[in-house]
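As given, the protein sequences belong to chains B and L, one line each in that order.
Take 1 as the starting number for the first sequence in my numbering and just add one per residue.
Take 1 as the starting number for the second sequence in my numbering and just add one per residue.
Here the structure comes first, spelled out in structure tokens, and everything after it is commentary.
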Amino acid sequence: MTAAAATSNAVLDELREKIANLEGGGLRNRSVLPFGVREIDAQLPGGGLALGALHEVAGGGNGAIDGAAAALFVGGIAARTTGKVVWCLTRFDLFFPAFAQVGLHPDRVIFVECDREETVLASFEEALRYGGLGAVVAELVRLPMTASRRLQLAAEKSGTLGLVIRRWRRQTEASDFGMPTAAATRWRISVLPSEPLAVPGVGRARWLAELMRVRAGEGGEFIIGGCDGQGRICLSSDAADRPDQARRSFAVS
Amino acid sequence: MVIARSGSKRWIAAADQAATKLGLRVGMPAAKAQALVQGLVMIDADPAADLAALERLTLWALSQYSPVVATDPPDGIVMDTEGADHLQGGEELMLSGLVNRFRGRGLGARAAIADTWGAAHALARAIDRETVIVARGETDKAVNRLPLSSLRLPAETVASLRTLGFATVGDLAGTPRAPLTLRFGPEVGRRLDQMLGKIAEPIDPIRPADLVEVHRSFAEPIGAPETIEKYVSRLVRQLCLELEKRGLGVRRADLIVHRVDNTIQALRAGTAKPVRDIAWLTKLFRDRIEKIEPGFGIEKLSLAGTLVEPLVEHQSTSSLIEEQVTDVTPLIDVLGNRGGQRIFRVAPVASDVPERSVERIAPTADQDGATWPLHWPRPSRLLPRPEAIEVIALLPDHPPVSFTWRGKRRRVKRADGPERIFGEWWQRSSEWIAVRDYFVVEDETGERFWVFRSGDGVDAETGSHKWFLHGVFG
Numbered sequence: 001m002t003a004a005a006a007t008s009n010a011v012l013d014e015l016r017e018k019i020a021n022l023e024g025g026g027l028r029n030r031s032v033l034p035f036g037v038r039e040i041d042a043q044l045p046g047g048g049l050a051l052g053a054l055h056e057v058a059g060g061g062n063g064a065i066d067g068a069a070a071a072l073f074v075g076g077i078a079a080r081t082t083g084k085v086v087w088c089l090t091r092f093d094l095f096f097p098a099f100a101q102v103g104l105h106p107d108r109v110i111f112v113e114c115d116r117e118e119t120v121l122a123s124f125e126e127a128l129r130y131g132g133l134g135a136v137v138a139e140l141v142r143l144p145m146t147a148s149r150r151l152q153l154a155a156e157k158s159g160t161l162g163l164v165i166r167r168w169r170r171q172t173e174a175s176d177f178g179m180p181t182a183a184a185t186r187w188r189i190s191v192l193p194s195e196p197l198a199v200p201g202v203g204r205a206r207w208l209a210e211l212m213r214v215r216a217g218e219g220g221e222f223i224i225g226g227c228d229g230q231g232r233i234c235l236s237s238d239a240a241d242r243p244d245q246a247r248r249s250f251a252v253s
Numbered sequence: 001m002v003i004a005r006s007g008s009k010r011w012i013a014a015a016d017q018a019a020t021k022l023g024l025r026v027g028m029p030a031a032k033a034q035a036l037v038q039g040l041v042m043i044d045a046d047p048a049a050d051l052a053a054l055e056r057l058t059l060w061a062l063s064q065y066s067p068v069v070a071t072d073p074p075d076g077i078v079m080d081t082e083g084a085d086h087l088q089g090g091e092e093l094m095l096s097g098l099v100n101r102f103r104g105r106g107l108g109a110r111a112a113i114a115d116t117w118g119a120a121h122a123l124a125r126a127i128d129r130e131t132v133i134v135a136r137g138e139t140d141k142a143v144n145r146l147p148l149s150s151l152r153l154p155a156e157t158v159a160s161l162r163t164l165g166f167a168t169v170g171d172l173a174g175t176p177r178a179p180l181t182l183r184f185g186p187e188v189g190r191r192l193d194q195m196l197g198k199i200a201e202p203i204d205p206i207r208p209a210d211l212v213e214v215h216r217s218f219a220e221p222i223g224a225p226e227t228i229e230k231y232v233s234r235l236v237r238q239l240c241l242e243l244e245k246r247g248l249g250v251r252r253a254d255l256i257v258h259r260v261d262n263t264i265q266a267l268r269a270g271t272a273k274p275v276r277d278i279a280w281l282t283k284l285f286r287d288r289i290e291k292i293e294p295g296f297g298i299e300k301l302s303l304a305g306t307l308v309e310p311l312v313e314h315q316s317t318s319s320l321i322e323e324q325v326t327d328v329t330p331l332i333d334v335l336g337n338r339g340g341q342r343i344f345r346v347a348p349v350a351s352d353v354p355e356r357s358v359e360r361i362a363p364t365a366d367q368d369g370a371t372w373p374l375h376w377p378r379p380s381r382l383l384p385r386p387e388a389i390e391v392i393a394l395l396p397d398h399p400p401v402s403f404t405w406r407g408k409r410r411r412v413k414r415a416d417g418p419e420r421i422f423g424e425w426w427q428r429s430s431e432w433i434a435v436r437d438y439f440v441v442e443d444e445t446g447e448r449f450w451v452f453r454s455g456d457g458v459d460a461e462t463g464s465h466k467w468f469l470h471g472v473f474g
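The following block contains the structure:
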């Protein structure tokens with residue numbers, strides 16, 4: 001992109017290196033977890049979700065309250081990692097068979113059910129610092145800037161994937177999602193009508209995945225098919241070549 | 001019924017429920033009891049054996065519940081549970097669990113938690129409930145109405161106080177102290193103050209002979225958190241060396257802090273499996289060093305492995321191909337010792353009823369690889385209990401055309417079903433012919449829900465034919 005035009009400029013290169021040094025070694029050579037979908041991976045620096053970073057996911061519409069699609073999206077990401085997954089939350093209303101269906105085995109997931117939000121934050125940070133886990137997931141209502149910086153640093157240090165599911169009590173509170181945090185990416189997953197089948201019935205789930213913010217990259221919107229048995233998403237077939245129209249159909253609904 | 005004797009006097013020392021019903025009371029002369037009831041079974045009291053049994057119980061409590069435990073003869077155990085209840089899920093759960101374990105063995109027990117030894121002693125004996133918990137700082141109110149006999153005073157003193165018209169602890173506490181002391185000696189005032197927490201009453205903790213324990217005494221009292229941390233990590237190192245010599249790993253470790261004013265504070269850390277790892281144990285204590293209140297200074301720290309289990313070193317498998325999966329037990333321990341959270345895994349249960357198909361198991365339970373059958377769609381969030389919805393649907397087996405949930409009416413665009421789930425008649429006779437028909441429905445915005453109709457749509461015996469929403473799909 002812009003980098004290609006500037007490669008010849010030695011001064012700029014030098015400045016870039018200086019900035020990279022200031023940002024710390026953790027930001028370079030960081031490994032990523034690709035989605036395996038070319039269009040999405042292209043939007044993410046490094047070609048995938050950065051390991052050793054914090055990622056925020058919220059649901060759109062009613063999903064802001066139940067976080068059903070967001071949780072499944074996160075479950076699919078966690079399923080594609082190796083190692084244990086720690087899942088911190090305040091109220092346990094996950095129905096785990098659904099997560100087993102996206103490839104997240106129950107033996108891999110350790111739940112930490114906390115009494116208060118602050119305890120969730122503390123446990124989340126502790127698990128992020130621990131290192132060696134596949135992913136650490138937290139379901140949070142509020143994520144203040146300072147807390148998110150702490151978590152981001154903890155994730156950077158241990159190289160663990162940190163996933164935050166933002167979930168609110170009321171839909172009006174979801175405007176909190178506009179506040180800046182230190183997370184590397186921010187996603188909003190909204191449900192769309194499922195893939196049409198030739199016969200009456202409910203097909204594969206489809207989601208509108210909005211990449212609202214990504215550090216050192218550009219956001220985007222994708223219409224994706226829900227996680228399959230290995231936690232993989234795919235670009236929804238009938239929407240792949242016509243993203244504009246698909247977006248409009250969402251706006252109508 | 002148990003009979004105690006002193007010289008030629010014989011009286012009832014303990015009586016079971018049946019005897020109490022017949023009107024026999026503790027303290028009654030044995031001859032009178034025999035006159036009242038025929039065919040009385042009398043056993044001579046054996047205080048020495050009772051004491052030995054109590055001591056055994058105390059040692060058990062030490063390994064299970066709290067680092068500071070002592071016998072409270074003749075019939076009690078006293079524990080300082082501060083800093084240890086989190087391992088049992090909090091005070092309430094700890095207490096009910098304790099009483100239940102006694103009951104499981106056929107023993108009756110009463111337990112109370114209060115700010116002071118005296119108050120807890122009195123509450124456990126005077127209140128006719130199995131568990132009593134008095135909130136912090138409310139001891140005065142709680143003990144006000146207790147009888148004088150719960151003050152741990154000699155029987156003669158209690159009797160003469162009664163003669164003077166004192167009936168409750170509150171009466172006595174509200175009386176000027178000087179005349180009481182003049183008449184009965186300092187004991188009355190001392191017991192009162194101990195109960196109300198005005199003077200300290202340290203518990204002298206019981207210690208089994210083979211306890212793995214290390215101490216560190218200080219010539220000059222210490223108080224700074226950094227200093228405490230330094231010595232704690234030294235103690236942990238010593239303890240680990242000691243454990244290594246004996247081939248043991250610790251499951252419960254207690255840090256006991258002796259302050260200069262002769263009070264003690266204890267911290268207990270529990271682990272999910274035997275541990276002898278210095279860094280791991282140090283971390284468990286370092287997290288909670290801030291909870292230590294040095295007061296006027298600490299003169300002695302001691303660290304004990306209260307519950308130990310054999311720990312055999314085994315070679316860890318290292319393979320070039322196999323990926324290393326990190327052991328998370330240390331993390332589970334760190335989180336578990338924090339308090340305010342429950343750590344668990346979920347495992348499948350062989351049940352078709354959704355809410356019964358998931359159970360919580362210990363995070364360190366064996367991994368058997370079991371999972372749920374994966375061919376039916378399942379929602380990612382399950383409501384805590386199914387919520388009633390208003391539905392327009394064709395009977396007997398059509399999905400809803402529209403439904404109203406939480407005040408919002410939704411038209412169903414697509415649907416799948418029914419998936420029929422039968423009641424577990426082999427478990428509950430009320431579910432003899434109960435049926436639920438589950439449908440996956442999708443409204444026009446694409447939100448997918450899991451709804452069910454109670455009953456098969458034909459026979460009213462199988463259910464009320466009311467509709468419920470049970471889960472939300474992702």
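Ideal placement from N, C-alpha and C gives every residue a C-beta, glycine not left out.
Residue-level contact check: L/Q341 touches chain B, since one or more beta carbons of chain B fall below 8 Å from its beta carbon. Relative to B/A138, the option among B/E118, B/L153, B/P200 whose CA is nearest is B/E118. At least one CB atom of chain L sits nearer than 8 Å to the CB of B/I110. With a threshold of 8 Å between beta carbons, L/F473 makes contact with chain B. Among the residues of the segment 59-75 of chain B, those with a Cβ less than 9 Å away from any Cβ of chain L are G59, G61, N62, G63, D66, G67, A68, A69, A70, A71, L72, F73, G75, in the order of the chain. Look at L/E419 here: in three-state DSSP terms it is strand. L/S454 carries a strand assignment under DSSP once its states are collapsed to helix, strand and coil. Against chain L, a Cβ distance below 7 Å from B/L94 picks out S380, R381. DSSP, reduced to helix, strand and coil, places L/H121 within a helical segment of the structure shown.
In the DSSP assignment, the residues bridged to L/P147 are L/T168. Residues of chain B with a Cβ closer than 8 Å to the Cβ of L/S357 are, in chain order, P97.
L/T271: member of the beta strand (DSSP E) spanning 264-275, first to last residue. Within the segment 59-134 of chain L, the runs of alpha helix (DSSP H) that reach at least 4 residues and sit entirely inside it are, in chain order, 91-104, 117-126. When the Cα atoms are used, B/M179 and B/G219 turn out to be separated by approximately 16 Å. Contact annotation: L/I228 and L/I278 have beta-carbon atoms that are not nearer than 8 Å.
Residues of chain B with a Cβ closer than 8 Å to the Cβ of L/F344 are, in chain order, I110, F111, E113.
For L/L382, the number of other beta carbons within 10 angstroms of its own is at least 16, and it is reported as buried.
The beta carbon of B/K84 is closer than 7 Å to those of R108, I110, L133, G134 in its chain, skipping five residues each way along the sequence. Taking the CA atoms as reference points, L/R152 sits about 9 Å from L/V158. Between B/S31 and chain L, the shortest Cβ-Cβ separation is not below 8 Å.
DSSP, reduced to helix, strand and coil, places L/S302 within a strand of the structure shown. Residue state for L/G297 is assigned as coil, using DSSP reduced to three classes. B/D66 is not bridged by DSSP to any residue.
Contact check for B/G46 and B/G231: beta-carbon distance about 20 Å, past the 8 Å limit, so the pair fails to qualify. For L/Q34, the enclosing alpha helix (DSSP H) has its first and last residue at 30-36. The three-state reading of DSSP puts B/T185 in strand, counting E and B together. Inter-residue distance for B/P106 and L/R345 is about 7 Å (C-alpha atoms, whole angstroms). Of the candidates L/P348, L/G340, L/R360, L/G340 places its Cα closest to the Cα of L/H86.
Within its own chain, the residues whose Cβ lies closer than 6 Å to the Cβ of B/A174, once the five positions on either side in sequence are excluded, are A64, W168, listed in chain order. Under the three-state reduction of DSSP output, L/A347 falls in the strand class. Ranked by how close their Cα comes to the Cα of L/G423, the residues L/L303, L/R378, L/E431 have L/E431 in first place. Only buried fits L/D115, as 16 or more other CB atoms lie within 10 angstroms of its CB.
Contact holds between the segment 439-456 of chain L and the segment 405-419 of chain L, because three or more Cβ pairs, one in each stretch, are under 8 Å apart. Think of a sphere of 8 Å around the beta carbon of L/I332: the chain B residues whose beta carbon falls inside it are I110, in chain order. At a cut-off of 8 Å between C-beta atoms, L/L255 does not count as an interface residue with respect to chain B.
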